[in-house]
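Chains as they are written, first to last, in this note's numbering: chain A, 1 to 267; chain B, 1001 to 1267.
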DNA sequence: GCAGGCATGTGCGACAGCGTACAGACGCGA
DNA sequence: TCGCGTCTGTACGCTGTCGCACATGCCTGC
């Protein structure tokens, strides 16, 4: 099988590209092996590379006051790290940490910017992904404000499972606490509750999702919102994306109703 | 004074444009009068217009679970509403509400997209603004998670003052509660505390900032972070932007250090 | 000048999450 | 097999916020 076909199967953002573009872009990438908890990017450092995870996945971490932190995004083979480059900025306020060991395609930032100019389809795809990213940030802001730990944990497990492509993955409660920005003990409680309800099983960091459907109803609506947004922007029927089940999908964008603009009078 | 000079003075994003571009863009805008609490945009509706506030300012509201909501952005004459159009998407997950009555320049969405293609400087400016917007979303996610109401209120007052260009503005506690996503009583307490400390004075919705410096130290670091980000991306020395005082400014982007990439081995 | 509405203030019980400390449980290597 | 480090579970008092109910204060229009 030629190289580009492999890659198509493993990063779905690149999988949307026409063969010509894809071949050229893959030629500009190198495959890197990412290990668990590698720090790929330190906030406000220079953004030298973009990453297209294939079997790995990456967590976006927003630091607060130099002590706390929250995860505000998760990037697997459905996405990429390096969105700010699309806006001509080679930095980001959020850090990137490897949360699932595996491979990723890596491209030099400068080259990525050039490729954006050369492939209209690439730019279009990354534009849409950037929009999804934006929406997820807004969702995260609301979610961390209003939802209790247990629901956020359930959401987090679902998001992770989507990107790990397996029912079982490894993550300690300590690490989870860092992600959700809560105490470790808070995770212990929430996880115990989910386990008692038969939704997950875990043992010293090995978490198994037993009941995906149940986990979905235990999670806050943010999981579905995020998924719905992604699917609307980048196609729901991509292979390997676990079903999200029937969700209160909004109508497609083209049918959106007009904004009300009372009192806005032209002059 | 010709029209374009007026506008330059009143929306600073447009003020960065060369005269040619500016003149053409202003020709495509109409001035609209916005009234307090006008709903400019309903989440996920069709995005028909972009707004460049001049004397008005606009709040971005993220709804949650159909009952709660949080403000995740504030747009005055330093910004614009309609960032997603830059990404080719004519919708947004966040709503827009007028929070300060006044004028704004409004442009048809389709025309705005065309103008983006015609003026490199416009695209560059909006790109940078989009990055600021992105950063503010990330900041908001962290802020709503970790900071107490009083500090968030202080931040909010500073942000509002920056955009109202006055020490006094009108806002009820009820409305404030909606913005911060807390109980009205929570605002009562926080506001009382700020007043007792001599930082503000308020009376039935009329809030006066008495001690800007004190308010800054009462607020969470998010205010300074936001300001620093904006200033770095779009120039600190714009006229009419109240001083933010000495802040722990990060080095300019070009001097950012490289990301650490341990364990990332090419193969 | 009085009624009614709106804005603000107070009180109270409940609860999620915090910080901290410590005790088991498990697994791996000496 | 033992020891040690890591991961998980339990406990306790405390704080910030919630939800609700109700009291007060102020402004406006009749």
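For each residue, glycine too, the CB sits at the ideal point set by N, CA and C. All values derive from a computational prediction rather than experimental measurement.
Hey, quick one: how far does the alpha helix (DSSP H) through residue i stretch, first residue to last?
i               : result
residue 274(A)  : This structure cannot speak to residue 274(A), because chain A is shown only from 1 to 267.
residue 278(A)  : Residue coverage of chain A in this structure runs from 1 to 267, which leaves residue 278(A) outside it and unanswerable.
residue 1229(B) : 1222-1234
residue 217(A)  : 212-218
My guess is that residue i and residue j are in contact by the Cβ rule of under 8 angstroms, so how many angstroms apart are they, rounded?
i               : j               : result
residue 194(A)  : residue 187(A)  : Incorrect: roughly 10 angstroms between the Cβ atoms, too far for contact.
residue 51(A)   : residue 81(A)   : 4 angstroms
residue 91(A)   : residue 48(A)   : Between residue 48(A) and residue 91(A) the Cβ distance is about 10 angstroms, and since that is not below 8 angstroms, they are no contact.
residue 1059(B) : residue 1097(B) : 5 angstroms
residue 223(A)  : residue 158(A)  : 5 angstroms
residue 221(A)  : residue 211(A)  : Incorrect: roughly 18 angstroms between the Cβ atoms, too far for contact.
residue 1043(B) : residue 1089(B) : So it is not a contact: roughly 13 angstroms between Cβ atoms.
residue 111(A)  : residue 28(A)   : 5 angstroms
residue 76(A)   : residue 21(A)   : Between residue 21(A) and residue 76(A) the Cβ distance is about 22 angstroms, and since that is not below 8 angstroms, they are no contact.
residue 1170(B) : residue 1206(B) : 6 angstroms
residue 1057(B) : residue 1103(B) : Residue 1057(B) to residue 1103(B), Cβ: 11 angstroms. No contact.
Classify residue i: buried if its beta carbon has 16 or more other beta carbons within 10 angstroms, exposed otherwise.
i               : result
residue 1121(B) : exposed
residue 160(A)  : buried
residue 1192(B) : exposed
residue 1232(B) : buried
residue 54(A)   : buried
residue 1184(B) : exposed
residue 1196(B) : exposed
residue 246(A)  : Reliability fails at residue 246(A), whose pLDDT of 45 lies under 50, so the model's placement of it is uncertain and no value is given.
residue 168(A)  : exposed
residue 1066(B) : exposed
residue 237(A)  : Because residue 237(A) sits at a pLDDT of 48, beneath the cut-off of 50, its placement in the model cannot be relied upon, and the following sentence gives the value as read from the coordinates. Residue 237(A) should be labelled exposed.
Grouping DSSP H, G and I as helix and E and B as strand, with all else coil, what is residue i?
i               : result
residue 168(A)  : strand
residue 1043(B) : coil
residue 1054(B) : coil
residue 1063(B) : strand
residue 87(A)   : helix
residue 1100(B) : strand
residue 1120(B) : helix
residue 13(A)   : coil
residue 1147(B) : coil
residue 132(A)  : helix
residue 108(A)  : strand
residue 162(A)  : helix
residue 1038(B) : coil
Using the beta-carbon of each residue, which ones in chain B are nearer than 7 angstroms to residue i?
i              : result
residue 55(A)  : Within 7 angstroms Cβ-Cβ: nothing; residue 55(A) doesn't reach chain B, min ~13 angstroms.
residue 94(A)  : 1138
residue 221(A) : 1065
residue 135(A) : 1093
Could you work out which residues of chain A lie near residue i, taking near to mean beta carbons separated by less than 7 angstroms?
i               : result
residue 1114(B) : The contacting residues do not exist; residue 1114(B) stays about 16 angstroms from chain A at best.
State the start and end residues of the unbroken beta strand (DSSP E) segment that holds residue i.
i               : result
residue 1021(B) : First-last for residue 1021(B): 1019-1027, but that is the alpha helix (DSSP H), not the beta strand (DSSP E).
residue 208(A)  : 206-209
residue 1078(B) : First-last for residue 1078(B): undefined, no H or E at that position.
residue 201(A)  : 200-203
Would you mind telling me which residues of chain B sit closer than 8 angstroms to residue i, beta carbon to beta carbon, in chain order?
i             : result
residue 89(A) : 1127, 1128, 1131, 1233, 1253
Under 9 angstroms between beta-carbons, which chain A residues line up against residue i? List them in chain order, please.
i               : result
residue 1085(B) : Near residue 1085(B) there are no residues of chain A at all, since even the closest Cβ is about 10 angstroms away, more than 9 angstroms.
Applying a beta-carbon distance threshold of less than 9 angstroms, which residues of chain B neighbour residue i?
i              : result
residue 144(A) : 1141, 1142, 1144, 1145, 1146
residue 124(A) : 1088
Cβ of residue i within 7 angstroms of any heavy atom in the ligand SAM?
i             : result
residue 73(A) : Ligands are entirely absent from the displayed structure, and the ligand SAM is therefore not among its contents.
Name the chain A residues that come within less than 8 angstroms of residue i, Cβ to Cβ?
i               : result
residue 1062(B) : 138, 139, 141, 142
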